[in-house]
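Asker: Protein chains in written order, with the working numbering: chain A, 274 to 601; chain B, 531 to 764; chain C, 5 to 289.
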Amino acid sequence: MIARDRNWLLIFAVCVALAIVYPLFADGYKLTVIRDALIFGLFAASLDFFWGRTGILCFGHAAFFGIGGYIMALITLNDAIPFGSLLGIAGAVTGAAFVAAIIGYFLFFGGIRGSYFTIVTLAMGVICQQAAVSWSSVTGGDSGLIGIPPIAFDLGGLHVDLSQDLPSYIFVAAIAAVVVLALWSISRGRWGMVLTAIQDNEVRAAALGHNAPLRLLVTFVLSAAIAGLAGALYVCMAGLVAPDLSGLLLSTEVIVWVAVGGRGTLLGPVLGAIFIQRAQQTISSFNPSLWPLLLGCVFVVIVFVLPDGILSIYARVKSLFKGRRRAR
Amino acid sequence: MSDVLLKAENVGIRFGGLQALEALNLTVHDKELCCIIGPNGAGKSTFLNVLTGTLRPTSGSVRFLGHDIAGLPLHRIARLGIARKFQIPSIFPSLSVEDNLKVARWGVPSPVRPVGELMELVALTDRAATLAGELAHGQKQWLEIGMALAIEPRLLLLDEPTAGMTPQETLATAEMLLRLKGEFSIVAVEHDIRFVRALNCETLVLHQGRRLRSGPFHEIETDEMVRDVYLGRR
Amino acid sequence: MDFAVTTLLNALTLISILMLVGLGLAISFGLMNVTNLAHGEFVTVGAFAVYFVQSMGGSFWLGLAAAPIAGAVVGCILEFAIIRHLYSRPVSTVLATWGVSLILQQGLELAFGLGAKPVTPPVEGTFDLIFTVYPAYRLILIGIAMVTLLGVILLISRTSFGLDIRTVIQNREMAEGVGINTRRTYAIAFTFGAAIAGLAGGLVAPLAIVLPQMGVNYLANAFFVVIVGGVGSIGGLVAGSVFVGGLTSVLNYQISPSLAQAIVLLAAIVAVRLRPNGLFNGASR
């Protein structure tokens, strides 16, 4: 096992250990705060899985989060549908994946990459938010839908009821851990290596027999499906769904979480999501319009000062020391 | 004539008002080695693009094992058994040498040669863990040949495989190809005469998009006309 | 009959605006390969310029003259402070310009306060066009847009600066070789595109809801124009604008605006799949 993989697993294990002991020290409110942050962390990991591995930036990832959220809300709010929670999650994941499959098919097989892809996904996000506002007979318009019940289901004798703080925290943390671990093993294995190759030189990869557009499409669809899952979890925890869950601001924020946490690390974006939301809550309590202003500054700072994310500070310091030692 | 692998008949290409290629014929038999030479701008790379199906000829036809491959997606062409080495070394710079070859093998359903053998063939065994982007220029060229071998081609097309190489590297490359001769067909586009001389195979000379001469290299080399337009200048 | 003419004129209004906003994007995105997500804010700044001048007691026409200047100033600063340092880093450009876009939006909100800003058109009333009666200001808007576009075409095809731009676009290295200052040419072209977008913002101000966040819709649509139309020619710009603007106006009559937007997005994606080089550029791969 190479050192980089070992380090990643070590950090992952520390995070899991922290997540396990956290409930011993935290009250119910703090638990829910971390729980919600973890959902956004899962969302950030989904974006990183695509952006980090393909180098193609999706600027409307919140669209998938929102689609998942609305589908979950519509299914669980409808009393006629049995097994609401399970069906809702399944529907949310499928719905987000379906939209990604359609858009991705036309773009990837049409040879659209890079900035063009970014722009089209940006437009997709704008339109999703508009649709959520104006299709009010279904989506509840500006005010959204409220009263979404907590997740509850029976599966093979296992009774799950997430109306309490602790069970919902455990459920979310477990899902986040499993998904992040799964995405990591996919991206370090054969699939991820071929994606890196495609990012390096798509023509070469294709001339070796790799169906590059298909591989990009599948990665994008998987990424969107997880974003949809995160959206479904979120609306059940929050109890409501609103248009800004699919909006441009959330799409922007998730990019910042990934960029600050470190693109391509999967774990960094989760941590980025947790810490930045913490900062956001503090700052917004002074003045709500200060946050977007600061967010804009963060973007500019990242690009010029920290192109590889917060975690790269550690690597830079390390190489600085190494350089000094060598100089001696 | 059951062993014909690739047959180009009467191929012509016209870009707007420019006749880039005119009435070119080429037949490549199974396990045959041949070269296409000519001065810069003779249409060698264009012809190679036609042979690999990336460019559709405006007249004539190219058939690989009887199929028309023009306009097929690149990965389908690769899976039919056509491997290609590009003119500019075209590798995956952020992967190691070993991983480059692994990715290449995964491109086809049932690769035969293990990665270790491929590295040996292209003399890169001791650079296995090096990032491909950090290799010397000649080694990048070899790595790309190794990647092309990994997909178990029936036909290997090389676009100036020795471009930018030292004379020693050029000869080593020729030896490498001669060792592979007999396993599959090879078509090399070159303008380095030392290299073609070392291969000493069937050669097609292009000049201004047309066939000037064709035949075994030792005959070509002594041909007055070829000397005039091409060899004599060097 | 009057219905058809009205729809046609509505489409023409939208197409005119899209052409002006898209022109700057065609320069930066299409030709310089710079993805500027703050392009929508040039429109916003132009609209706010008109509002500001009017609120200070100035006339609409004075505001309309200020609009391109405001766009140019913002564009020039953006190019100088950010974009020129990132020509080789496309994703960084996307992130940084988006950051600037957020800063500008919030900056305008802090400076001018929440809520929509009223802008009054210079002429009220309608104009009788025999077939239909149409708001006079919209006709003026279409006229100004057409004249501007014509001016740009003349500028690019007839002046030495236009020749510089065309040379730099065709081959940057060669342009440097023959002594053209490509950095300066890029900077001027970018600023020029920003000015035109600012003018578009000023023109649209009396018709639109003037908000700090208004730019993003123009941004998305203008990108569609450039993507669908293909880059590199005025013809592509016109084709893209007619496609996006025409489809939006026709659909707007039948269905809700956001559904119309979604359909335009899908149509744009399909068009790109079928003709990757743009509607106007003949060769389809």
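The beta carbon of each residue, even a glycine, is placed where N, CA and C say it ideally should be.
1. Please decide whether W636/B counts as near chain A, where near means a Cβ-Cβ distance under 8 Å.
2. Roughly how far, in whole angstroms, is the beta-carbon of L535/B from the beta-carbon of S744/B, given that I think they are within contact range, below 8 Å?
3. Please report the residue range of the beta strand (DSSP E) in which Q553/A lies.
4. What does the Cβ neighbour count give for R764/B, buried or exposed, with the cut at 16 atoms within 10 Å?
5. Helix, strand or coil for K537/B, going by three-state DSSP, please let me know.
6. Return the CA-CA distance between S92/C and G79/C, expressed in angstroms with no decimal places.
7. First and last residue of the alpha helix (DSSP H) that includes V172/C?
8. Taking only three categories from DSSP, how would you classify F379/A?
9. By DSSP, does D766/B sit in helix, in strand, or in coil?
10. Output needed for E699/B: all residues of its chain with C-beta closer than 6 Å, excluding positions within five of it in sequence on either side, in chain order.
11. Which residue comes first and which comes last in the alpha helix (DSSP H) that contains V638/B?
12. Please work out which residues of its chain come closer than 8 Å, Cβ to Cβ, to I392/A, disregarding the five sequence neighbours upstream and downstream, and give them in chain order.
13. Please classify E128/C: is it buried, with 16 or more other beta-carbons within 10 angstroms of its beta-carbon, or exposed?
14. So, is the C-beta of G569/A closer than 8 Å to a C-beta in chain C?
15. Where do the N-terminal and C-terminal ends of the beta strand (DSSP E) with R740/B fall, by residue?
16. Starting from H483/A and walking both ways along the alpha helix (DSSP H), at which residues does that stretch end?
17. Taking only beta-carbon positions, decide if L481/A is within less than 8 Å of chain B.
18. What are the boundary residues of the alpha helix (DSSP H) that Y389/A is part of?
19. With 8 Å as the threshold, decide whether the Cβ of M466/A is near any Cβ in chain B.
20. Assign L631/B to one of two classes, buried (16 or more other C-beta atoms within 10 Å of its C-beta) or exposed (fewer than that).
21. Can you name the residues that DSSP bridges to A425/A?
22. Is V531/A closer than 8 Å to L320/A when the C-beta atoms are compared?
23. Using a C-beta cutoff of 8 Å, does R326/A count as contacting chain B?
24. What is the residue span of the alpha helix (DSSP H) that S20/C lies within?
25. For A296/C, collect the residues of the same chain with a Cβ closer than 6 Å to its Cβ; drop the 5 residues on either side in sequence, then sort them by chain order.
26. My output table needs one value for E682/B: the three-state DSSP class, helix, strand or coil.
27. So with Cβ pairs under 8 Å, would you call P561/A a contact of chain C?
28. Check whether the Cβ atoms of S557/A and W564/A lie closer than 8 Å to each other.
29. Between R162/C and T152/C, what straight-line distance do the alpha-carbon atoms span, to the nearest angstrom?
30. Quick one: is R461/A near chain B, going by C-beta distance under 8 Å?
31. Report all residues from its chain with a CB closer than 7 Å to the CB of A678/B; omit the five preceding and five following residues, and keep chain order.
32. What residue from W102/C, I259/C and P261/C has the CA that sits closest to F572/A's CA?
33. Would you decide whether E682/B is buried or exposed? Buried here means 16 or more other CB atoms lie within 10 Å of its CB.
34. If you draw a straight line from the alpha carbon of L539/A to that of E526/A, how long is it in whole angstroms?
35. Between the segment 495 to 507 of chain A and the segment 329 to 345 of chain A, do at least 3 Cβ pairs fall closer than 8 Å?
36. Measuring only the C-alpha atoms, how far is M60/C from P122/C?
Answerer: Taking the structure as given:
1. If you number the second sequence from 1, residue 636/B lands on position 106. Chain A, which has a Cβ nearer than 8 Å to the Cβ of W636/B, makes this yes.
2. Mapped onto the second sequence, residue 535/B falls at position 5. Mapped onto the second sequence, residue 744/B falls at position 214. So it is not a contact: roughly 17 Å between Cβ atoms.
3. As a position in the first sequence, residue 553/A is number 280, starting the count at 1. Here Q553/A belongs to no beta strand (DSSP E); instead the alpha helix (DSSP H) covers L540 to F559.
4. Locating residue 764/B in the second sequence gives position 234, where the first residue counts as 1. Confidence at R764/B is low in this model, with a pLDDT of 45, below 50, so its placement is unreliable and the value that follows should be read with caution. Classification for R764/B: exposed.
5. Working through the second sequence from its first residue, we reach residue 537/B at position 7. The answer is strand: DSSP assigns K537/B an E or B state.
6. Here residue 92/C refers to the residue found at position 88 when the third sequence is read from its first residue. Here residue 79/C refers to the residue found at position 75 when the third sequence is read from its first residue. So the two alpha carbons sit approximately 19 Å from each other.
7. Taking the third sequence and counting its residues from 1, the one referred to as residue 172/C is at position 168. S164 to Q174 is the span of the alpha helix (DSSP H), which, as asked, contains V172/C.
8. Residue numbering aside, residue 379/A sits at position 106 when the first sequence is read from its first letter. Residue state, collapsed to three classes: helix.
9. The structure shown does not extend to residue 766/B, since chain B is modelled only from 531 to 764, so the question has no answer here.
10. Counted from its first residue, the second sequence places residue 699/B at position 169. Counting only Cβ-Cβ distances below 6 Å, and skipping sequence neighbours, we find G668.
11. For the purposes of this step, residue 638/B is identified with residue 108 of the second sequence, where counting begins at 1. It is not in any alpha helix (DSSP H) - V638/B carries neither H nor E in the DSSP assignment.
12. Along the first sequence, read from residue 1 onward, the residue named residue 392/A stands at position 119. For I392/A, where only same-chain residues beyond five positions count, the Cβ hits under 8 Å are F332.
13. Counting from 1 along the third sequence, the entry for residue 128/C is found at position 124. Label assigned to E128/C: exposed.
14. For the purposes of this step, residue 569/A is taken as residue 296 along the first sequence, with counting starting at 1. For G569/A, the answer is yes, since a Cβ of chain C falls inside 8 Å of its Cβ.
15. Within the second sequence, the letter at position 210 stands for residue 740/B. R740 to P746 is the span of the beta strand (DSSP E), which, as asked, contains R740/B.
16. In the first sequence, counting from the first residue as 1, residue 483/A sits at position 210. Unbroken run through H483/A: none, as it is neither H nor E.
17. For the purposes of this step, residue 481/A is identified with residue 208 of the first sequence, where counting begins at 1. Yes, L481/A counts as interfacial toward chain B.
18. Taking the first sequence and counting its residues from 1, the one referred to as residue 389/A is at position 116. First-last of the alpha helix (DSSP H) with Y389/A: G387 to S407.
19. By 1-based counting over the first sequence, the position of residue 466/A is 193. Output row for M466/A: interface = yes.
20. Your numbering for residue 631/B matches position 101 in the second sequence. That one is buried.
21. To locate residue 425/A, count along the first sequence from 1; it is residue 152. A425/A is bridged to D434/A.
22. If you number the first sequence from 1, residue 320/A lands on position 47. If you number the first sequence from 1, residue 531/A lands on position 258. Going by C-beta atoms, L320/A is nearer than 8 Å to V531/A.
23. Taking the first sequence and counting its residues from 1, the one referred to as residue 326/A is at position 53. Chain B, which has no Cβ nearer than 8 Å to the Cβ of R326/A, makes this no.
24. The residue you call residue 20/C lines up with position 16 of the third sequence. Unbroken alpha helix (DSSP H) run through S20/C: D6 to L29.
25. Examination of residue 296/C is not possible in this model, given that chain C is present from 5 through 289 alone.
26. Numbered from 1 along the second sequence, position 152 holds the residue referred to as residue 682/B. Coil, per DSSP.
27. Counting from one through the first sequence, the residue named residue 561/A turns up at place 288. P561/A does not count as touching chain C.
28. Here residue 557/A refers to the residue found at position 284 of the first sequence. Here residue 564/A refers to the residue found at position 291 of the first sequence. Cβ atoms of S557/A and W564/A: closer than 8 Å.
29. Translated into the one-based positions of the third sequence, residue 162/C becomes position 158. Translated into the one-based positions of the third sequence, residue 152/C becomes position 148. Taking the straight line from one Cα to the other gives about 15 Å.
30. For the purposes of this step, residue 461/A is identified with residue 188 of the first sequence, where counting begins at 1. Chain B contact via Cβ: absent.
31. Within the second sequence, residue 678/B is the residue found at index 148, counting from 1. Counting only Cβ-Cβ distances below 7 Å, and skipping sequence neighbours, we find A613, R614, K615 and L686.
32. Residue mapping note: residue 572/A aligns to position 299 of the first sequence, counting from 1. Among W102/C, I259/C and P261/C, the Cα nearest to that of F572/A belongs to W102/C.
33. Indexing the second sequence from 1 puts residue 682/B at position 152. By the 10 Å Cβ count, E682/B comes out buried.
34. Reading the first sequence from its first residue, position 266 is the one you call residue 539/A. Reading the first sequence from its first residue, position 253 is the one you call residue 526/A. Each residue's Cα considered, the two are about 16 Å apart.
35. yes
36. As a first step, residue 60/C must be located in the third sequence, where it is residue number 56. As a first step, residue 122/C must be located in the third sequence, where it is residue number 118. So the alpha carbons of these two residues sit roughly 13 Å apart.
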